[in-house]
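So the structure is just underneath, and the comments pick up after that.
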Amino acid sequence: MPKKDQAKDGSLWERLERPAPARTSLTPQRIAEVAIRLADGEGFAAVTMRRIATELGVAPMAAYRHVSGKDDLWALMVDQVSAELEPEEDVTGWRETLRAYAVQTRAMMVRHPWLAQLPTPLFALTPRRLAAAERQLASLDGLGLDVDTMMAAFRTVGAYVHGATQAEVALAQYMREQGWESADETRRGLAPQMSYLMETGRYPTYRRYAQGAARKDDAGWQFETGLDCVLDGVAGLVERG
Numbered sequence: 064m065p066k067k068d069q070a071k072d073g074s075l076w077e078r079l080e081r082p083a084p085a086r087t088s089l090t091p092q093r094i095a096e097v098a099i100r101l102a103d104g105e106g107f108a109a110v111t112m113r114r115i116a117t118e119l120g121v122a123p124m125a126a127y128r129h130v131s132g133k134d135d136l137w138a139l140m141v142d143q144v145s146a147e148l149e150p151e152e153d154v155t156g157w158r159e160t161l162r163a164y165a166v167q168t169r170a171m172m173v174r175h176p177w178l179a180q181l182p183t184p185l186f187a188l189t190p191r192r193l194a195a196a197e198r199q200l201a202s203l204d205g206l207g208l209d210v211d212t213m214m215a216a217f218r219t220v221g222a223y224v225h226g227a228t229q230a231e232v233a234l235a236q237y238m239r240e241q242g243w244e245s246a247d248e249t250r251r252g253l254a255p256q257m258s259y260l261m262e263t264g265r266y267p268t269y270r271r272y273a274q275g276a277a278r279k280d281d282a283g284w285q286f287e288t289g290l291d292c293v294l295d296g297v298a299g300l301v302e303r304g
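The working numbering runs 63 ahead of the 1-based position in the sequence shown.
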């Protein structure tokens, strides 16, 4: 569908809320499910409309009648996996709410590494992503922060989550490409470069970390400790009101 015609027909989400024609077996949701399965199993590059159509046993043009292009497809994929973000209803405090979403977002991105390759704005403009944002912003409401500060705090936590998890996903991908199956194998693979750099004597604090760290392979601990540092900063804003 040409973009000018899409604009007349309404946004993607507006179109999806309209009643589907009777006996429609091919739906945007089915297309997104196949795309997610392909991306999870074979990587983001495997996701093409032609491949999706083949998997569904339809002509490519049939798929294009439901999903007009990659922007719509990516948005549908993001929205569908975002159903995995469901903190318990009894999680109500601002810190507990932001922390729960952060931890679940990391887990979602690790399960679906292709999320780390998508343009960041797509994470916001879907119904489920906006619902997650709404609940987090609402947890900050009424604490004496103006709306700009609330949004800045929310986005800062999100930036940490996406940045830290993108680095984690990128390292895992690099290890696979190098054929390294464990952290020890990775260290052995990087040993020549690391040994030279440490022996220069220019990085004594980093050397002390490399030789004495007990949690260097505990990605979950590293993530949550960094997250608490960010949330402590938000707590300072809340205390100042």
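Note that beta-carbon positions come from the ideal geometry of N, C-alpha and C, so glycine has one too. From a predicted model like this one, the values you see are computed outputs, not experimental measurements.
- Setting aside the 5 residues that flank it on each side, ARG270 is surrounded in the same chain by MET261, each with a C-beta closer than 8 Å to its C-beta; the list follows chain order.
- PRO123 and THR117 have their C-alpha atoms roughly 8 Å apart.
- Residue range 267-275 is occupied by the alpha helix (DSSP H) that includes ARG271.
- Shown here, TRP177 sits in a helix according to DSSP, grouped into three states.
- Cβ atoms of TRP157 and LEU193 stay farther apart than 8 Å, at about 18 Å.
- ARG303: member of the alpha helix (DSSP H) spanning 282-303, first to last residue.
- In the structure shown, the three-state DSSP call for VAL97 is helix.
- Contact between GLN167 and PRO150 holds: CB atoms are separated by about 7 Å, below the 8 Å threshold.
- Contact annotation: ARG198 and THR160 have beta-carbon atoms nearer than 9 Å.
- Check the Cα spacing between LEU188 and each of ALA108, SER145, VAL121: the tightest is with SER145.
- Short of 8 Å from the beta carbon of ARG114, and not among the five residues preceding or following it, lie these beta carbons of its own chain, in chain order: LEU101.
- Between LEU136 and VAL110, the gap from beta carbon to beta carbon is short of 9 Å.
- Only residues of its own chain outside the window of five on either side were considered, and among them ALA95, THR189, PRO190, ARG191, ARG192 have a CB closer than 8 Å to the CB of ASP142, listed in chain order.
- Beyond the five residues adjoining it in sequence on each side, LEU206 comes within less than 6 Å, by CB distance, of VAL301 in the same chain, given in chain order.
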